[in-house]
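One structure below.
Number of protein chains: 2
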Amino acid sequence: MRPRVVIVGAGFAGLYAARALRHAPVEITVIDRTNHHLFQPLLSQVATAALAPSDITAPIRWLLRHHRNADVVLGEVTGIDVEARRVAIHGRDTPVSYDYLILATGSHHAYFGHPDWEPVAPGLKSVDDALEIRGRFLRAFERAEWATEPAERAAHMTFVVVGGGPTGVELAGVMPAIAREALRSNFRYIDTAQTRVILVEGGDRLLASFPEHLSARAKRDLEDIGVEVRLRSLVSDITPHAVHIGDEWIDSRTVFWAAGNEASYLGRALGVPLDGAGRVIVEPDLSIPGHPEVFVAGDLADFTHGPKRVPGVCPAAMQQGVHAANMIVRSLRRQQRKAFRYRNKGDLATIGRSRAIADFGSFTMAGRIAWWLWLFLHILYLAGFRNRLSVLLQWGYAYVTYERGVRLITGTERSSASG
Amino acid sequence: MRPRVVIVGAGFAGLYAARALRHAPVEITVIDRTNHHLFQPLLSQVATAALAPSDITAPIRWLLRHHRNADVVLGEVTGIDVEARRVAIHGRDTPVSYDYLILATGSHHAYFGHPDWEPVAPGLKSVDDALEIRGRFLRAFERAEWATEPAERAAHMTFVVVGGGPTGVELAGVMPAIAREALRSNFRYIDTAQTRVILVEGGDRLLASFPEHLSARAKRDLEDIGVEVRLRSLVSDITPHAVHIGDEWIDSRTVFWAAGNEASYLGRALGVPLDGAGRVIVEPDLSIPGHPEVFVAGDLADFTHGPKRVPGVCPAAMQQGVHAANMIVRSLRRQQRKAFRYRNKGDLATIGRSRAIADFGSFTMAGRIAWWLWLFLHILYLAGFRNRLSVLLQWGYAYVTYERGVRLITGTERSSASG
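Residue numbers (the working numbering), protein chains in the order written: chain A, 920 to 1338; chain B, 920 to 1338.
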C-alpha cells in the first residue's frame, strides 16, 4: 500500500499540493466542502456582476481528472485526530486515515466579536457570498426606484463597504461605475448617478500591505471615481437601516463587510499553538510541532521564520502547497526537509474599472497600465480552467459597453436587510 | 395623462406585449417577481450544466432600457381588483392602478394533489429550479462515489424523470451522455457509465403533441442513448429513497418532476371562468368576459376559439402578448378588435446531445439535422440578449469535448433528498 496523503481544502494551497504530488508514489484524498475550486482573486468580479460564477470556478474532480492517484471527496471535515492520524467527515461513519496530512482550509471573514452584523453586512469568501452581494446590490436600486420618501430613496442608494484592503477597495471601486454607466438608462425615477459609495477603513491608509505612496494613489483614484473614502474610522454598530461610523449614523440599507479574516476553526483541532488570528504557527518546513507528518499551508498557516510574515495571498498559498507536497516526497525518499521560502513576485490591486496599483519590490506601478497587467496576469492564471475565453469575452463586453452581463438576482434573500 | 398599461409577468407573453407597445401613447408598468426575463426553452441546458444561468437570462430593465414609456417593478402581485382596476403588490402599501391590464403569469409545475412530492422531486420552471436540479444531479455522483453498499451506490446512480413531455425528454436525454462522457474520468470508485436514467410517462407515447411516428422515433432515440422509457406507467408514490411506479418500487435517490403544469393562481383573482387546469378561458380577442380592458396572454390563457387549442409554447405566448398589445392600441384608436389567430410555425424537441424531432405540419424531420435546426433557431431567438456568443462558445465546447462547463454546485440543498 502506498502511503495516503489527505489534503483538506482545495483552494490554491490544497490544489497545488495535489498537483505537485501527481507523480509521487502516494494515494491522495482531497476533501472539500464544495465541488469546485474557486479562483478567489476574481470573486469581486462575480459580486459586481461582471463575471458569472462558472467563469471563475472549476470542478475539483475535473481539475484532477488525469491524476490517477487522487480521489476527491465532497464533504466537510469536522475533526482531526493527530494521534490516530485520521480526519472525521460530517455525515460519514468511518473517518479517513492518513499517513500525511496537508491542512489548507484557509480563512473566512470575521466580525470581531459582532457575529450579529453578519446578516446585515455579508462578507465575500465563497461563490454563494458573491451571489448574495450581487443580489443585494442590484435589489437596492429596485427598492430605491419604488421608494416614496426621498430619505428612504437616498438610504437605498447609499452603499457602505467596511474595510480598506484589496477586497474592499475592489468592491467599492467598481460600484460607482456600474451605477452611473450600466444601470443609469434602466431606471425611470431614480438617477443612479447619485449613488453614494462609502469605503470605511479603521487604519490611516488603504491597502496597508502596499507602499505608502501607492495607498495614497489608490485613495486619490477612488475619490476620482466617486467613492467617499473614510480613513481612521471605526464602525461601532450596523443595523438594517444605518451604520454607525465614529459618532455619525449613516443611513444605508446595504453594507458589505471586507474588514478582516479569521482562520478556519480546523486549526484548533491540531492541538498546537495558534497566533492571535487563529492561524497555526508552523515550523520552517510548514509542518506542525511534534507532528512532522502534518502540514499547514495557505491562509491557515502563520509562517514566522522568514524576514517578513508571509501574506495571505494566492501566490503564497500556491507556494506553500507545493512546498508541503515536496516535503512529503523528501520524507518518502528519506531526504532531509528544507525550510519554506516565500518568493514574492509582486502584489497587485485593482481600483475600479481601469486602474490598478502594482508593487514589485524594486519598482512600483499605478494607473491604466497596471490595470492591463492585472487583467493579463489574471487571465493567464486562469490557465487550467477552460473559462479563459469566456472571461475574456465577458470582460471585453463589459469594458467596451459599460454593461454588466451577469445582472441576475437568484435565490431568496438570506435575511432581510431592508424590509 | 396617457393611459396606463400594467403587464404582470415578463415571460415571453409579457415581454413581447411591452415591446409591441413601445411607440404606443401609453405608460407601461411591467411587474415581475424576478429581475430577469428567462429564455425558458434553454432552461434544461442550465439544469444539465451545459449553460450558465446568465447565458439564458437578461435583466428586464435592460431589455426595456430604450422604451421610454416603460417602468419595471420587481415585486410579486398578490391580488387584482378588476372593478377598481388595480393590482396589489406584496410589501407595498399603495396598489398600482391600470387602464389596461395584461396578465401573463404563466404556469408552474404541479404535483396533482401530491404537494408532498415537491421536496423530493423538484420541477423545472425557474433559474433557481435549474440550479437545484443541477446540484442534485451532480451531488448524486459524489454520494455514489463514497457509498459503501453496492445497493446504495446503485440507488444514487439511478435517476427517475417523471413526465414524457419536452422537458422530461430533454432532461432524461442528456443525462446518460453526461454520465458516460463528461464525468467518467473524474471518479475513481464508480463507473459512471452504469448510470440508470428512467423516463416515466403515464400516457401511451412520449411528446404527445407531436405526430405519432415522431413520438416513436423519440422513444427509439432515447433508448439508443441509454434511457429506459416506461410508457403507460403511473407514479403512485415518491419517497427520498424510492419511486413507486405501477407495482414496482425503484430505488432512486434523485427524482425530477416534469409531469405537468398548473396555471398561475392569479387567474383566480379575475373572477371569471377557468378551465380544468386553472387557466383563464379568454374571449376571441384575449380579453376576459365583461372586462375588455383586461387581457390574459401566454400559458395562463385558455384560447378555445381556434381550430385547435393553442399549445403552451413560447411562440404562442409571444404571439398572444403582441396581440393583446395590438388590441389595446386599437381600443385607443377606437378601432374594432380582432380575434387572435395562432400561427403555428412548427414544433421542435431535442433528444439528447445531437438529435431532435421537428413537426412543421406539412412535413416532419428527425435526427441530427433537426438538432442543428433546433440549435440554430434557439441561438437566433436569443437575439436581443447579448448572450448569444457566450452560449455558442459554451455549446461548442460541450459538443466538441463532451465536457460540461458549468458543473458547479451552489447554495445549500433545499431539502435533503438523500440524507
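Backbone N, C-alpha and C define an ideal beta-carbon position, used for all residues, glycine too.
Quick check on residue i: does DSSP put it in helix, strand or coil?
| i | result |
| --- | --- |
| A:Tyr1184 | helix |
| B:Tyr935 | helix |
| A:Gly1087 | helix |
| B:Phe1056 | helix |
| A:Pro1211 | strand |
| A:Glu1061 | helix |
| B:Ala1216 | coil |
| B:Ala969 | coil |
| B:Ser1016 | strand |
| A:Glu1202 | coil |
| B:Ile1298 | helix |
| B:Gly928 | coil |
| B:Gly1152 | Looking at the sequence itself, residue 1152 of chain B is Ser, so the reference to Gly does not match. Looking at B:Ser1152 - three-state DSSP - the assignment turns out to be coil, as it is neither helix nor strand. |
| B:Glu1142 | helix |
| B:His1027 | strand |
| A:Thr1111 | helix |
Mind checking if residue i is an interface residue toward chain B, Cβ cutoff 7 Å exclusive?
| i | result |
| --- | --- |
| A:Glu1071 | no |
| A:Ala936 | no |
| A:Arg941 | no |
| A:Ser1016 | no |
| A:Arg1326 | yes |
| A:Glu1212 | no |
| A:Ala1220 | no |
| A:Thr1111 | no |
| A:Pro1208 | no |
| A:Ser870 | Residue 870 of chain A falls outside the range modelled here, since chain A spans only 920 to 1338, and no answer is possible. |
Applying the 10 Å Cβ sphere with the 16-neighbour rule, what's the burial state of residue i?
| i | result |
| --- | --- |
| A:Ser1104 | exposed |
| B:Phe1060 | buried |
| A:Leu1153 | exposed |
| B:Trp897 | The shown model of chain B, from 920 to 1338, leaves out residue 897 of chain B, and the question about it has no answer. |
| B:His956 | buried |
| B:Leu1299 | exposed |
| B:Lys1257 | exposed |
| B:Thr1067 | exposed |
| B:His985 | exposed |
| B:Ser1334 | Because the pLDDT of B:Ser1334 is 41, which lies under 50, any placement of that residue in the model is unreliable, and the question is left without a value. |
| B:Arg921 | exposed |
| A:Val998 | Checking the sequence, you will find Gly at residue 998 of chain A rather than Val. It is exposed - the Cβ of A:Gly998 has fewer than 16 other Cβ atoms within 10 Å. |
| B:Ser973 | buried |
| B:Gln1239 | buried |
| B:Gly1338 | Because the pLDDT at B:Gly1338 is just 30, under 50, the model does not fix this residue reliably, and the point stays unresolved. |
Determine whether the beta carbon atoms of residue i and residue j lie at a separation below 7 Å.
| i | j | result |
| --- | --- | --- |
| B:Pro1095 | B:Ile1144 | yes |
| A:Thr1077 | A:Ala1098 | no |
| A:Leu1189 | A:Ile1207 | yes |
| A:His1224 | A:Pro1203 | yes |
| B:Gly1042 | B:Gly1271 | no |
| A:Ala971 | B:Ala1023 | no |
| B:Ser1171 | B:Leu1090 | no |
| B:Gly1010 | B:Ser1183 | no |
| A:Ala1049 | A:Val949 | no |
| B:Ile1021 | B:Asn988 | no |
| A:Arg1326 | A:Ala968 | yes |
| B:Ile1276 | B:Ala1137 | yes |
Within 7 Å (strictly less), CB to CB, does residue i reach chain A?
| i | result |
| --- | --- |
| B:Pro978 | yes |
| B:Trp1293 | no |
| B:His956 | no |
| B:Asp1143 | no |
| B:Arg1107 | yes |
| B:Asp990 | yes |
| B:Leu993 | yes |
| B:Arg984 | yes |
| B:Glu1061 | yes |
| B:Ser973 | yes |
Strictly by DSSP, which residues pair up with residue i?
| i | result |
| --- | --- |
| B:Met1284 | B:Ala1277 |
| A:Pro978 | A:His955 |
| B:Ala1268 | B:Ile1276 |
| A:Thr1173 | A:Phe1078 |
| B:Trp1168 | B:His1163 |
| B:Arg1005 | B:Asp1000, B:Ser1016 |
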